Structures are given as C-alpha cells and as structure tokens.
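Below: one structure, written as structure tokens.
Protein chains in written order, with this note's numbering: chain A, 29 to 728; chain B, 37 to 146.
Right, here's the structure in full:
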C-alpha cells in the first residue's frame with residue numbers, strides 16, 4: 029500500500045497577517061514540532077487572553093504577535109499550530125492579559141513577554157559570563173529543539189542503588205581551571221574529556237549541580253573590597269526547568285546545548301557512569317514581589333507560587349519565593365519535567381534540592397502524604413530512576429529519617445556528615461552514633477522498612493567545607509563573598525589540626541592528610557551510598573570558604589595540578605573505592621542484623637575495641653572497631669578499626685576461623701597502599717593503630 | 037548554498053559552498069538526493085562551508101542514513117576546525133567517516 033504523502037492537518041485553517049495557523053493540541057504543553065509547523069500550547073487559569081510573540085533569533089523587536097483565537101482555547105489551555113516557521117531561527121514567548129491584584133494573588137502584566145515554563149531550550153544567556161543587555165524586553169527566550177538525538181543502544185544504566193559511588197560536581201568548576209588543559213573549559217564537552225579521571229577513581233555516578241538554565245547574573249554584584257564580580261555561580265535558581273544551561277555548552281552560542289549535553293550523558297553511560305541531576309523545584313529565579321516578571325509570575329502567579337493571605341510570597345526556600353509544588357498543575361509540571369529528562373536525556377536519577385518543601389501544602393504546612401512525592405515515587409516513566417531528597421528546607425522542616433519515601437526515596441543523610449565529622453575531630457561521646465552511621469543509619473531508617481541504601485552518606489558536599497578545608501580550618505573564611513563573613517554555616521565540626529589555614533609544618537600536613545584518608549576510609553567502609561565531593565580525591569581547597577556559591581574563580585575551579593601534587597592521596601582514594609567494589613559485604617541493600625542468622629559462628633557485624641569483642645561505648649571512648657562476616661555472599665571477613673585518639677593504640681584482633689588469616693588492606697598511618705587482592709598477610713594477633721588513624725583488614 | 041558535483045571514477049564528489057542551516061538544508065537535500073540514489077560512494081567536501089547549524093548537522097546525518105539504507109557510503113572531507121569540533125562535541129562525528137583530504141577520502145572509499 030502506498031503511504032499517504034500528506035495529512036489533512038498539515039493544511040492551515042486560519043491566518044494572521046502572513047502567518048498560517050490551525051487550532052493546536054493542548055498536549056503536550058510547550059512548543060512541539062509537528063508536520064509543517066510548530067504546536068504552541070500554554071496553560072493559565074486566570075489569564076483573560078494570550079498572545080504568541082515571535083522573534084527572529086536574538087532580535088530586539090518581535091517579528092510577530094499572534095493572538096490566540098478564542099476558539100483555540102480548550103479549558104484553560106491555549107494552543108495553536110503556526111506553519112512554515114524556521115525552527116532554528118525563531119524565539120518565542122507569550123503575553124498574558126489578566127488582572128493585576130496582588131491581594132487576590134494575581135500579577136498579570138501584558139507589557140512583559142514571558143518565557144514558556146516548558147521551553148526546551150532558552151536563548152539570552154548563550155555564552156557564560158557575557159554581560160547581558162539589561163534593557164532587553166525579552167531576556168530569556170524560548171527556543172525550539174530537535175528531539176531526534178541518536179542514542180543508538182544507550183539506556184539509563186539502572187545500577188542497583190547500593191552499588192553506587194556518587195561524585196558530586198559542578199559542570200563549570202570541573203574543567204574551567206587552566207590546568208585542565210582543555211580546549212573548551214567549563215563545558216559539557218570538556219567534562220567528556222575528564223571521564224577517564226572519574227573512571228580511574230572508580231566512581232559510577234556523577235551528580236551534577238544544577239544544569240537547568242539559570243542566570244549567572246541573577247543578583248550579580250561587585251565585592252566592595254576586592255572588586256570581584258560575584259555571580260549566581262552554582263545555579264540554584266532555575267529560569268527554565270526543561271532546558272539545559274546554554275552557557276555550559278561550548279556549542280551554546282550555536283544553539284546546540286541539547287545535543288552536547290546528550291552526547292555527554294551517552295559517553296558517561298558508555299563508561300558505566302550514571303548521571304544524577306541536582307534539581308531545584310523549591311523556588312524559581314523570579315524572587316519575591318520585588319523580583320522580575322519572567323515567566324510563572326506573569327502566566328499564573330496564584331497557581332505557581334505559595335502566597336500569603338495578603339498575596340506576598342512564602343519564603344521556605346530562603347530565595348524569595350516558594351514553588352507551589354502540591355498544586356495539581358504544578359505537580360504535573362514537575363512530573364512532566366522529570367519524565368522529559370529521563371526519556372529524552374536518559375538521566376539516571378535526581379537529587380531534589382530542599383526537598384522538604386515538596387511536601388508542604390499551598391499554605392506551607394507539611395503534608396502527611398504529599399501528593400507530589402507519592403506521584404514521583406509511583407510514576408511509570410520514573411519507575412527505575414533514583415530519587416534522592418535533600419530532606420530539609422530553609423523554613424525549618426528537617427526530615428532526615430522521616431522523609432515520605434514510598435519505598436523509593438533516598439536521602440542526603442545530614443546526620444552522617446555531622447556525626448562522622450565529630451568523631452574524626454576527636455569529640456568524645458560519638459562512638460555510639462558512629463556505629464549507627466557505619467551500618468547505614470538503621471536508627472533513622474529501619475523503623476520505616478528502609479534499607480541502608482536509603483542513606484546517602486557524605487562528609488562533604490558543595491555546601492560547606494571541602495574535605496581538605498575540614499582539616500585545615502576551625503572557622504569559615506567567607507570574606508570573599510562580600511558579606512563580612514556573616515554568610516554560611518557556623519557549625520562546621522571542623523578542626524584545623526593545629527594551625528588555621530596553610531602551613532609548612534610537616535607534622536600538621538601529615539596529620540591533615542591522614543585525617544582526609546580517615547574520612548575516605550569511614551565513608552567507603554560504611555553501609556549506604558557514599559558520595560564524595562569533586563576534588564576531595566586530590567585535596568581541593570576553597571581557602572576556608574564554606575559558602576562558595578558566588579565565585580567564578582579558582583575558589584570553585586578544580587586545580588588539576590593537585591592530582592600530581594597529592595598523588596599519594598589520589599592513589600589511596602582510588603584503591604579504597606576499588607576495595608569497596610571488591611567486597612559485596614559493604615554494599616548490602618538491607619540492614620545488618622547484629623546476629624548470627626546463618627549459624628556460621630559469627631554475627632554479620634560484631635563490635636570491638638582495643639580488646640577484641642569488647643567495644644568501648646563509654647562517653648570518653650574515641651575508638652571503634654567492627655568485623656563484618658557475610659556467610660551468604662562468601663565474601664572475606666573484614667575488620668575495621670578507627671582510632672580518633674591522639675595516641676597510638678594497640679588493637680587486639682578477633683580470632684578468625686581455622687585456616688584464615690588477617691591481611692592489611694588499608695592503614696592510614698603509613699604511606700604504603702596495598703592493592704586489592706594483594707593485601708599483606710599479618711602474623712600477629714594484634715595491630716598497633718597509629719594516632720588518629722584507621723585500618724582495614726581482610727580475613728581470608 | 038551552491039553544490040558543485042563531479043566524479044572521481046565511481047565516486048561522486050560534492051563540493052558544498054556556503055552555509056548549511058535550516059534555510060538551505062531542504063535545497064541541499066533535494067539537490068543531493070539523485071546523487072545518493074545513483075552513486076554508492078560519495079564524498080562531501082565541506083571545505084567551503086562557512087557555517088553548519090544544528091539543522092545542517094541533521095541534514096548530513098539524514099543523507100548518511102539515506103546512503104547507508106541502500107548500502108552506500110558517505111565520507112566527509114574538508115572539515116574546518118570549528119565544524120569538526122562542533123560535530124565531535126555534539127556526538128555527530130561518531131556516525132560519519134571523516135577523512136583529512138580528498139586523497140585520503142578516495143582511498144578510504146576505494
């Protein structure tokens with residue numbers, strides 16, 4: 029049978045000036061290429077009329093304003109097809125007519141040209157750091173994208189959660205430093221060139237700080253003292269949820285950021301590395317009532333934002349406004365967005381910034397059964413991707429251990445960070461807490477039938493000190509942020525090891541290195557999902573700044589020269605990651621029972637101190653040792669001892685079954701590294717663990 | 037956009053001059069389709085292409101697919117550094133045979 033060449037709906041039915049039109053389809057929202065034209069569809073409950081505004085790319089004046097015919101509206105959705113557009117060369121936005129009455133929640137302003145919340149690519153900030161034209165009538169411009177990327181056989185990797193080792197990084201920071209030696213530093217393309225490093229370290233999941241289109245110039249300002257231009261560098265303030273940041277793409281000025289990012293994801297997958305996106309659904313870049321009207325505010329303020337009874341913005345995000353996530357329309361926006369990233373970009377998972385907000389109702393009250401979180405957990409398209417919550421918000425809601433999980437959600441475990449830091453610096457009274465953190469925090473998760481994989485274990489992340497700084501500074505040093513060191517947290521649980529900041533004292537330097545190694549050891553030997561911060565494998569410093577959000581400078585950029593300078597540390601770290609991979613007993617999905625359920629003579633985890641079988645749980649104790657025995661997996665016995673005491677201590681080792689011997693895998697007290705499978709056999713039954721040192725032994 | 041066609045033995049060589057973008061892509065496709073139908077081996081010389089847009093890249097991939105569908109082969113030559121970079125960064129270069137020169141292209145196809 030011959031294929032019909034044409035369909036009847038490729039013919040226009042209406043005209044506006046020279047533009048040929050047809051009533052559109054309400055779904056999908058956004059601008060979609062259809063045969064012969066583009067289907068534009070946008071929602072607003074309260075707008076009285078809507079006009080499509082078309083620009084030639086980068087032009088200051090619109091080329092056309094096409095009002096939606098009233099007959100093109102279905103319910104609260106305007107949609108129409110415009111034929112014969114040069115999809116590559118147009119930018120689009122909307123004008124909405126409607127009431128301006130903040131006291132009733134409405135802030136329509138027909139003088140503004142509004143960005144489509146569903147825009148798949150956004151022009152206006154094409155090249156990072158290029159000073160914007162502040163007079164532009166349409167600063168962030170919707171663009172059309174080709175959705176025909178050839179993925180070949182690529183697919184999200186669907187690694188079991190408990191197998192992950194997460195590496196948190198910022199796209200620009202990873203390669204912008206001149207030492208990266210790359211042609212297009214700071215871009216998706218450059219990141220592709222550093223995949224080999226990630227592979228060598230052994231991580232299998234890259235968590236990217238925001239890559240949705242944001243404006244680095246949002247609230248940009250000069251530091252009065254240094255003159256440095258300060259940016260919205262990290263990007264935790266979204267302009268468009270469906271668009272990758274153009275300024276992160278070397279091809280962004282050509283409008284090819286979509287292809288460049290997809291190509292990066294594809295290459296990461298080829299190397300066995302998953303991609304998790306840090307998504308910021310708690311607020312938008314429009315700020316409060318004094319902020320600009322860019323998109324949501326002018327389209328349907330009352331629907332998209334949480335408003336006080338007087339019509340002001342609730343500020344649970346600390347950023348001026350709060351997205352009204354549990355409104356059914358907004359919930360669908362979030363769902364559509366995540367589905368899009370999974371289906372179209374093959375993204376493996378999401379980390380939700382200030383996710384506690386996603387569980388609040390339209391008045392801000394925490395919900396027992398938040399529809400958004402439940403919807404995401406049960407969604408078919410998201411059915412196998414990772415969902416990770418930052419389970420707190422700026423409004424004081426702290427849900428670590430109690431975040432509504434629906435069997436799906438994992439959490440950034442803030443308690444892990446706090447407790448491990450305290451133990452490492454030698455605070456007394458931390459041994460009991462540490463034992464919980466090492467086990468995947470059953471005290472937080474077991475009550476709710478959540479396994480160890482619910483816990484994303486981390487000691488450092490983008491917020492706060494780097495691992496190097498954690499042991500080089502007692503206090504934050506945020507003067508460069510231009511807020512007189514008032515910003516950033518004060519409870520860092522850090523310890524400078526004797527001198528604040530840089531030093532040439534060899535003993536202090538050795539102690540700092542040992543502490544970093546101790547931190548890596550605890551992290552990689554804990555049940556749950558380890559997450560490391562970019563550069564912590566090579567001793568990256570932020571000069572004691574614990575709130576680095578605004579610096580497009582070496583304060584954020586990773587200095588690749590550190591890799592050679594701190595090669596001992598890197599070698600140590602990658603060996604430790606390999607060790608974790610080699611031992612399934614460290615990657616259990618459920619919790620340890622502390623019992624001998626298999627009848628092999630040993631409980632799955634047993635606790636020890638300087639005397640075998642006698643852990644010291646007292647308040648003054650600064651040591652903890654444990655032994656793992658997994659009879660079912662056939663894995664080796666593992667013995668781990670952490671000594672946070674300032675003296676070396678002799679640890680009596682637990683007896684192994686007949687024929688097995690202890691072998692040294694890790695000893696942070698010495699420089700020597702034993703590669704996996706080539707651990708050094710021990711002849712004695714005890715081990716002198718150096719001051720503030722850790723050991724890991726393998727029994728086989 | 038101008039396309040100059042010639043043959044080198046059984047190989048068609050098309051020299052493209054100008055920008056390949058959304059505006060010129062349909063013309064390039066129409067003009068090159070007969071060549072793809074009648075030649076198994078084709079060289080596209082991009083040395084005079086001033087600009088290759090997203091739609092232009094897609095056109096190249098489309099031609100490549102048309103050729104491979106009838107077991108033909110397309111080799112690209114004359115890529116400027118910028119075009120080569122763009123193709124590499126967006127993942128398009130993975131799909132093409134790219135040669136450094138006409139001679140190398142002819143050799144590869146022969």
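Virtual Cβ for every residue (Gly too), placed ideally from N, Cα, C.
Computed from a predicted structure; not experimentally measured.
Excluding its 5 nearest sequence neighbours in each direction, residue 422 of chain A has C-beta neighbours in its own chain below 7 Å: 344, 345, 346, 382, listed in chain order. Along the segment 173-198 of chain A, the positions whose C-beta sits under 8 Å from a C-beta of chain B are 174, 176, 177, 178, read in chain order.
The count of Cβ pairs closer than 8 Å, one atom from the segment 127-135 of chain A and one from the segment 78-91 of chain A, stays below three, leaving the stretches out of contact. In terms of Cα proximity to residue 74 of chain A, the closest of A:136, A:406, A:216 is A:136. Residues of chain B whose Cβ lies closer than 7 Å to the Cβ of residue 279 of chain A are, in chain order, 122, 125, 126.
Beta bridge pairing from DSSP links residue 272 of chain A with A:240. Proximity of residue 282 of chain A to chain B, defined by a Cβ-Cβ separation below 9 Å, is satisfied.
The beta carbons of residue 195 of chain A and residue 289 of chain A sit no closer together than 9 Å.
From the beta-carbon of residue 288 of chain A, the residues of chain B found nearer than 7 Å are 125, 126. Straight-line spacing of the CA atoms in residue 414 of chain A and residue 78 of chain B works out to 46 Å.
The beta carbon of residue 675 of chain A sits closer than 8 Å to the beta carbons of 719 from its chain, once the five residues preceding and following it are set aside; these are given in chain order.
At a cut-off of 4 residues, the continuous stretches assigned as alpha helix (DSSP H) that sit fully inside the segment 439-518 of chain A are 442-453, 459-466, 470-473, 495-498.
The beta-carbon of residue 217 of chain A is placed less than 9 Å from the nearest beta-carbon of chain B.
For secondary structure counted as the beta strand (DSSP E) over 3 or more consecutive residues, the segment 652-717 of chain A holds these complete runs in sequence order: 665-671, 677-680, 690-695, 714-717. By the Cβ criterion, the segment 594-604 of chain A is in contact with the segment 543-555 of chain A, since at least three pairs of Cβ atoms, one from each stretch, lie closer than 8 Å. With 16 or more other Cβ atoms inside 10 Å of its own Cβ, residue 636 of chain A counts as buried. Around the beta carbon of residue 294 of chain A, 16 or more other beta carbons lie within 10 angstroms, which makes this residue buried.
Contact note: residue 294 of chain A reaches chain B through 127, using a C-beta cutoff of 8 Å and chain order. Spatial neighbours of residue 487 of chain A in its own chain (CB-CB distance under 7 Å, excluding positions within 5 residues in sequence) are listed in chain order as 445, 448, 449, 495, 547, 551. Taking a Cβ-Cβ threshold of 8 Å, the residues of chain A close to residue 58 of chain B are 114, 115, 116, 117, in chain order. In this structure, A:315 is the residue among A:368, A:187, A:315, A:376 with its C-alpha nearest to the C-alpha of residue 349 of chain A. Inclusion of residue 123 of chain B and residue 88 of chain B in the CB contact set at 9 Å is warranted, their separation being smaller than that value. At a C-beta separation below 9 Å, residue 291 of chain A has these neighbours in chain B: 124, 125, 126, 127, 128, 130.
Between the segment 686-695 of chain A and the segment 630-644 of chain A there are fewer than three C-beta pairs closer than 8 Å, too few to call the two in contact. Rounded to the nearest whole angstrom, the CA to CA distance from residue 72 of chain B to residue 103 of chain B is 6 Å. Straight-line spacing of the CA atoms in residue 499 of chain A and residue 471 of chain A works out to 28 Å. Contacts with chain A (Cβ-Cβ distance below 7 Å) from the segment 38-69 of chain B involve 57, 58, 59, listed in chain order.
Around the Cβ of residue 119 of chain A, a 10 Å sphere holds 16 or more other Cβ atoms; the residue is buried. Excluding the 5 residues flanking it on each side, residue 526 of chain A has same chain C-beta neighbours closer than 6 Å at 536, in chain order.
With 16 or more other Cβ atoms inside 10 Å of its own Cβ, residue 129 of chain B counts as buried. Residue burial annotation: residue 649 of chain A is buried, with at least 16 other C-beta atoms found within 10 angstroms of its C-beta. DSSP, read as helix, strand or coil, puts residue 285 of chain A in helix. By the Cβ-count criterion, residue 214 of chain A is buried, with 16 or more other Cβ atoms from all chains shown falling within 10 Å of its own Cβ.
The beta carbon of residue 440 of chain A lies closer than 6 Å to those of 418, 484 in the same chain, with the five residues before and after it left out.
By the beta-carbon neighbour count (other beta carbons within 10 angstroms, threshold 16), residue 660 of chain A is exposed. Using a Cβ-Cβ cut-off of 8 Å, residue 91 of chain B is close to 115, 116, 174 of chain A, given in chain order.
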